[in-house]
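Going letter by letter, the sequence shown gives residues -12 to 272 in my numbering.
Heads up, the beta-carbon is just placed ideally off N, CA and C, and yes, glycines get one too.
Presented below is the structure to which this report refers.
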Amino acid sequence: MTETTMPAAPGAVPHRTLPAGALPHDWRAVDEGWGRRGPDFATLSEPSACREYVALHHALGVDHGDHLLDVACGAGLAVELAALRGATCAGVDASARLVDVARVRSPEADLRVGDMHDLPWPDATFTVVSSFRGVWGTTPGALDEIRRVLVPGGRLGLTVWGHVKASPGAWALAPFRLAAEPQVRNQAAMTSLGRPGVGEAVLEAAGFVDVRRVRIPFAWEFADPATYARALASTGPAFVAIQEVGEPAFLAAAERGATAHVRAGLPLRAEVDVTGFLARTAAAR
Ligand SMILES: C[S@@+](CC[C@H](N)C(=O)[O-])C[C@H]1O[C@@H](n2cnc3c(N)ncnc32)[C@H](O)[C@@H]1O
């Protein structure tokens, strides 16, 4: 991957390197976008990812006896589901308002507000780390931290957006492109891990072994175009686009785009290509 050194934004956690096209990322500003509509995100957007959560937990063999960390846990639905499989769970997210939702859903879990580049746990704490569309091409440094907190022989499962443009549900993500041009370029850099060979190379460079790519199902479902537009508007990338065009224009464009996909008597359904990676830390000698 071509990488360039980027200056950090004032107050940002320093970044070693970022892929070409990526913007510096201040984790403390994340809540402004991701947290502002926490209840909408938790109830209208996140539940559709249940297929992805179930599939990755199954592939990782999450079970009783596991100590699992979910990185960029959002509103914590994946944490709640991992606990139902018997794992003792922890989660971290930069959005304080999403972590508030996660704490209500999983009062027993160790849920913290923080940065995936500086995980607030000691070395070798977890048997499993998951992250659902939380580790990006623009956040490769997070993998060093994930490796640090995993026990030797610990399991990692990541999902990332795959070939979105070729997906039947590509229309559902199209309104994010209403953002300003540098941000749209940044979105492309963020989703680079799903490209053939890229995620594998990044994971191996970060010291993971037994890296495998797996198919992960992902389908957003909504009752109608207005509900879809409201759900999409609750996300961080939507906030970036809304800053450019305003919320009414964002909602109108999203609703307009969805209307063509309405089928009488059926929910709106947007299947999007998501790629999963499984890997391990090397076993102790
Ligand atoms: C695409 S969402 C995925 C959320 C959740 N994993 C899910 O499945 O819904 C990306 C998440 O990454 C979080 N995030 C962004 N930058 C972060 C950082 N530096 N450290 C921790 N979390 C971060 C956001 O707050 C958001 O919850």
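Here's a check: name, in chain order, each residue in its chain whose Cβ is nearer than 6 Å to the Cβ of S82, leaving out the five neighbours to either side. Cβ within range, chain order: V17, D18, W21, G22.
If you reduce the DSSP assignment to three classes, tell me which class A(-5) lands in. Reliability fails at A(-5), whose pLDDT of 28 lies under 50, so the model's placement of it is uncertain and no value is given.
Tell me the rounded alpha-carbon separation between L5 and V122. Legend: pLDDT at L5 = 48, less than 50; position of this residue unreliable, no value from coordinates given.
Compare the C-beta of H44 with all C-beta atoms of chain C and state if any pair is closer than 9 Å. Absent here is chain C; the protein component of the structure consists of one chain.
Sequence-distant residues of its chain with Cβ nearer than 7 Å to G(-2) (five each side left out): Because G(-2) sits at a pLDDT of 29, beneath the cut-off of 50, its placement in the model cannot be relied upon, and the following sentence gives the value as read from the coordinates. Excluding the 5 residues flanking it on each side, G(-2) has same chain C-beta neighbours closer than 7 Å at D13, R15, in chain order.
According to DSSP, simplified to helix, strand and coil, what is M(-12)? Note that M(-12) scores a pLDDT of 26, beneath 50, so its modelled location is shaky; the value from the coordinates is reported in the next line. Under the three-state reduction of DSSP, M(-12) is assigned to coil, being neither helix nor strand.
Cβ neighbours of A159 in the same chain (closer than 6 Å, five flanking residues each side left out): Shown here for A159: same chain residues with a beta carbon closer than 6 Å to its own, the five before and five after excluded, namely W207, A257 in chain order.
To test your reading of the DSSP string, which unbroken beta strand (DSSP E) runs of 3 or more residues are found completely within the stretch 170 to 251? As far as the stretch 170 to 251 is concerned, its whole beta strand (DSSP E) runs of at least 3 residues are 196 to 203, 206 to 209.
Distance between F163 and G25 (C-alpha atoms, nearest Å): Rounded to the nearest angstrom, the two C-alpha atoms are 18 Å apart.
When you measure from the CB of L190 to every non-hydrogen atom of ligand 1, does any distance come out below 8 Å? With a cut-off of 8 Å, the C-beta of L190 is classified as distant from ligand 1, since no heavy atom of the ligand falls inside that distance.
Please indicate yes or no: does the CB of T246 lie closer than 8 Å to some heavy atom of ligand 3? This structure simply doesn't include ligand 3; it includes ligand 1 instead.
Mark G186 as exposed unless 16 or more other C-beta atoms lie within 10 angstroms of its C-beta, in which case mark it buried. Per the 10 Å Cβ criterion, buried.
Roughly how many whole angstroms lie between the Cα atoms of T114 and A96? One C-alpha to the other measures close to 15 Å.
Would you say A93 and A70 are within 9 Å of each other, going by their C-beta atoms? The sequence shown places Ser at residue 93, rather than the Ala named in the question. Between S93 and A70, the gap from beta carbon to beta carbon is short of 9 Å.
Should V259 be labelled buried (16 or more other beta-carbon atoms within 10 Å of its own) or exposed? Result: buried.
Could you tell me whether the stretch 192 to 203 touches the stretch 126 to 140, using the rule of 3 or more Cβ pairs below 8 Å? Proximity of the stretch 192 to 203 to the stretch 126 to 140 meets the contact definition, three or more beta-carbon pairs being nearer than 8 Å.
Please confirm whether any heavy atom of ligand 1 lies closer than 8 Å to the CB of H104. Checking every heavy atom of ligand 1 against the Cβ of H104, one is found closer than 8 Å.
Can you tell me whether G141 is buried or exposed? The criterion is at least 16 other CB atoms within 10 Å of its CB, across all chains shown. Of the residues assessed, G141 falls on the buried side of the cut-off, its CB having 16 or more other CB atoms within 10 angstroms.
Confirm the yes/no value for this check: CB of R250, any heavy atom of ligand 1, distance under 8 Å. For ligand 1, not one heavy atom lies less than 8 Å from the Cβ of R250.
Between V261, L47, T268, which has its C-alpha nearest G181's C-alpha? Checking every option, the nearest Cα to that of G181 belongs to V261.
What are the uninterrupted segments assigned as alpha helix (DSSP H) that are 4 or more residues long and contained completely in the stretch 113 to 164, given in chain order? Correct list: 128 to 136.
With DSSP collapsed to three states, give me the class of C76. The three-state reading of DSSP puts C76 in strand, counting E and B together.
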